[in-house]
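A.B. asks: Residue 125 in the working numbering sits at position 87 of the sequence shown, with consecutive numbering throughout.
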Amino acid sequence: MTDTTATSAPRSLRVWDLPTRLFHWSLLALVLISWFSGGEDETAFIHRLSGMALAGLIVFRVLWGFVGGEHARIAAFFPNPFAIAGHIGKVASGKPERHLGHNPVGGVAVFLLLAAVSACVITGLFSSGEGFAGPLVGQFGLDMSEVHEGAFRVLQALVALHLLGVVVESVLAKDALVPAMITGRKTRRADEPGTDARKGSVAGLVVALLVGVSTTAALWALPTPAVAEDGEHGGQYGGGDDDDGDRDRDRD
Ligand code: HEM
Ligand code: HEM
């Protein structure tokens, strides 16, 4: 690739592909919906739907991490202890380098955020509340309602750190991170290195979408155990829609 002009005008570089940006803002929306619908009987349907949609979204993102655009690939931001230490040192000195993709600390945050959302989804499948239960509660003798709440608290803390990280990095590195997650582009001075990100695979996108949607559909199709309305996890659950009693069991 040759640089055709000797202009000193700043360049606008393609950084985040559309699927990654749509993933991010859908993730935010669904986490907020899950947050405000959790634990309420009246919004149980929405909670179940948003939680299972998140499952498909995470599966999509993991697959896109192998076939997506240059900076969306997991290999591009896989944690490297030396790079992380170096970046923290530069942030401490007030002069972090600008990165086109995730910075080394941001890369760790991505893994932690995805793990925390996954933990919420998985524990949710094994949770039960008043009049509402995840489809797998009682399987392997598990009721993870309290772990589910704990996983959500961890996610809340990570989101707070994520927002702090985005603000600190945007200010210290003088980089417009939030606009980049909206437009997909970052501006660089003519003398700064960097080129447009390589695009992802279209066939890979189709496969990732199909697998993600199938994941949500498969979870949605699981029979929902009936839960007694007598509160405090003390009810009886099991049986699914056909109420065949397969999973019926008493809990203390
Ligand atoms: C529930 C809330 C949120 C969650 C779970 C979340 C999660 C994530 C994840 C997983 C990524 C990595 C994206 C990828 O590579 O696929 C990311 C990146 C990013 N998020 Fe969020 N996010 C949340 C809220 C927000 C909000 C409210 C903002 C700003 C207004 C924001 C700004 C960003 C930016 C700028 C990046 C790119 C960071 C970078 O340049 O390395 N996020 N977020
Ligand atoms: C497969 C998806 C999910 C299912 C089936 C599910 C199921 C449940 C159930 C049964 C409860 C009631 C537990 C109780 O009252 O003790 C609950 C509460 C809750 N869930 Fe989920 N959940 C799912 C995903 C999520 C996700 C992804 C989040 C957050 C991002 C989340 C956040 C919450 C919150 C905040 C509560 C309220 C906890 C409280 O009582 O304080 N859930 N969920």
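We put the CB at the ideal spot given by N, CA and C, even for glycine. Just so you know, these numbers come straight off a predicted model, no measurement behind them.
1) Determine the DSSP secondary structure at R49, reduced to helix, strand or coil.
2) For A114, which option in L215, P142, Q194 and T225 has the closest C-alpha, if you only look at C-alpha atoms?
3) Given I71, which residues of its chain have a CB within under 7 Å of its CB, disregarding the five upstream and five downstream residues?
4) Nearer than 6 Å: is that true of the beta carbon of S166 relative to any heavy atom of ligand 2?
5) For V105 and W54, what's the separation of their Cα atoms in angstroms?
6) Confirm the yes/no value for this check: CB of G144, any heavy atom of ligand 1, distance under 6 Å.
7) According to the neighbour-count rule (16 or more other Cβ atoms, all chains shown, within 10 Å of its Cβ), is F190 buried or exposed?
8) Can you list, in chain order, the residues of its chain whose CB lies under 8 Å from that of S208, leaving out five sequence neighbours each side?
9) Helix, strand or coil for V265 per DSSP?
10) Run through DSSP, which three-state label would G172 get?
11) Run through DSSP, which three-state label would G124 get?
12) I want to check one thing, is the minimum distance from the CB of V175 to the heavy atoms of ligand 1 below 6 Å?
13) Taking L68 as the reference, which of A259, V159 and V265 has the closest Cα?
C.D. replies: On the basis of the data shown:
1) In this structure, R49 counts as strand in the three-state DSSP scheme.
2) Nearest Cα to A114 within the set L215, P142, Q194 and T225: P142.
3) For I71, same chain residues with a beta-carbon under 7 Å away, outside a window of 5 residues either side, are I84 and S88 in chain order.
4) Indeed, a heavy atom of ligand 2 lies less than 6 Å from the Cβ.
5) When rounded, the separation of the alpha-carbon atoms in V105 and W54 is 14 Å.
6) Result yes, Cβ under 6 Å from ligand 1.
7) By the 10 Å Cβ count, F190 comes out buried.
8) So the qualifying residues of the chain are A214, L215 and V216.
9) In the structure shown, V265 sits in a strand (DSSP, three-state: E or B).
10) G172 falls in the coil class under three-state DSSP.
11) Three-state result, G124: helix.
12) Result no, Cβ not under 6 Å from ligand 1.
13) Among A259, V159 and V265, the Cα nearest to that of L68 belongs to V159.
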